[in-house]
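Visitor: Residue numbers (our numbering): 359 to 573. We treat Cβ as the ideally placed atom computed from N, Cα and C, and that holds for glycine. Keep in mind that this is a model prediction, so the values were computed, not measured. So that we are looking at the same thing, I have put the structure below in structure tokens.
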Ligand SMILES: C[S@@+](CC[C@H](N)C(=O)[O-])C[C@H]1O[C@@H](n2cnc3c(N)ncnc32)[C@H](O)[C@@H]1O
């Protein structure tokens with residue numbers, strides 16, 4: 359149901375590279391972990407990625423499973439789980455086309471991931487399957503990007519590009535994320551991520567990645 363454009367690789371095809379940029383982002387973390395703990399039953403983390411939310415939930419004793427379309431993201435999640443002595447139950451599937459034997463007290467789709475349902479058919483399919491996979495009084499929770507009128511009214515290719523840099527706490531290195539090319543699609547940017555050493559010298563290593571990111 360969900361089709362990916364062919365021009366550039368998805369940012370989700372290398373879980374370790376994805377983590378260079380996004381694994382320490384606290385967005386929604388406390389909210390979703392608290393929700394999962396309060397669910398008092400099994401939890402499904404849809405589009406779980408590299409486990410930014412799922413692993414802290416497991417560490418908090420939540421009975422949680424993860425689902426994601428991209429095997430490289432799940433591979434990175436498994437490796438991180440193994441390093442913590444955890445073996446998460448993971449499913450590789452499209453969120454608009456999945457079938458699991460269990461029913462859940464909480465299904466969550468954190469960090470704007472619902473937008474990866476690329477068509478209205480996929481969005482409705484995902485919502486329908488979530489309902490089918492919920493226990494009778496279960497809840498579905500997701501967050502999604504709500505752009506400003508100014509943002510959506512700016513024609514494709516003319517939005518100002520932004521560059522963000524922040525420290526990676528564990529290594530003292532810097533990471534830089536910069537949209538580096540416009541896409542013909544209004545909702546996609548090519549993104550280049552690089553890791554620099556503590557004095558700001560850019561790495562020329564393969565950790566410099568370019569991929570597409572859907573906003
Ligand atoms: C922005 S990441 C969010 C990851 C994680 N939920 C978090 O909070 O860190 C979006 C995730 O959606 C996954 N994804 C993209 N399209 C998908 C689809 N059609 N079905 C399931 N997962 C998908 C990607 O592999 C990626 O892990």
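With distances taken from CA atoms, which of 408, 378, 382 and 489 is nearest residue 464?
Guide: Here residue 464 is taken as the residue at index 106 of the chain shown, counted from 1. The option with the nearest alpha carbon to residue 464 is 489.
Visitor: Just the Cα atoms here: how many angstroms apart are residue 435 and residue 408?
Guide: Here residue 435 is taken as the residue at index 77 of the chain shown, counted from 1. Here residue 408 is taken as the residue at index 50 of the chain shown, counted from 1. Those two C-alpha atoms are separated by around 4 Å.
Visitor: Would you mind working out which of 462, 418 and 512 sits nearest residue 392, comparing C-alpha positions?
Guide: Position 34 of the chain shown, counting from 1, holds the residue named residue 392. Checking every option, the nearest Cα to that of residue 392 belongs to 418.
Visitor: Quick one: residues in its chain with C-beta nearer than 7 Å to the C-beta of residue 374, no 5 flanking neighbours on either side, listed in chain order?
Guide: Counting from one through the chain shown, the residue named residue 374 turns up at place 16. Result list for residue 374: 434, in chain order.
Visitor: Within 8 Å, do at least three Cβ pairs link the stretch 396-412 to the stretch 463-480?
Guide: Yes: at least three Cβ pairs fall under 8 Å.
Visitor: If you scan the stretch 361-410 from start to end, which runs of the beta strand (DSSP E) of 3 or more residues do you find wholly inside it?
Guide: 401-404
Visitor: Quick check on residue 410: buried or exposed, where buried means 16 or more other Cβ atoms within 10 Å of its Cβ?
Guide: By 1-based counting over the chain shown, the position of residue 410 is 52. With 16 or more Cβ atoms within 10 Å of its Cβ, residue 410 is classed as buried.
Visitor: Taking the straight line between their C-alpha atoms, what separation do you get for residue 430 and residue 378?
Guide: Reading the chain shown from its first residue, position 72 is the one you call residue 430. Reading the chain shown from its first residue, position 20 is the one you call residue 378. So the alpha carbons of these two residues sit roughly 14 Å apart.
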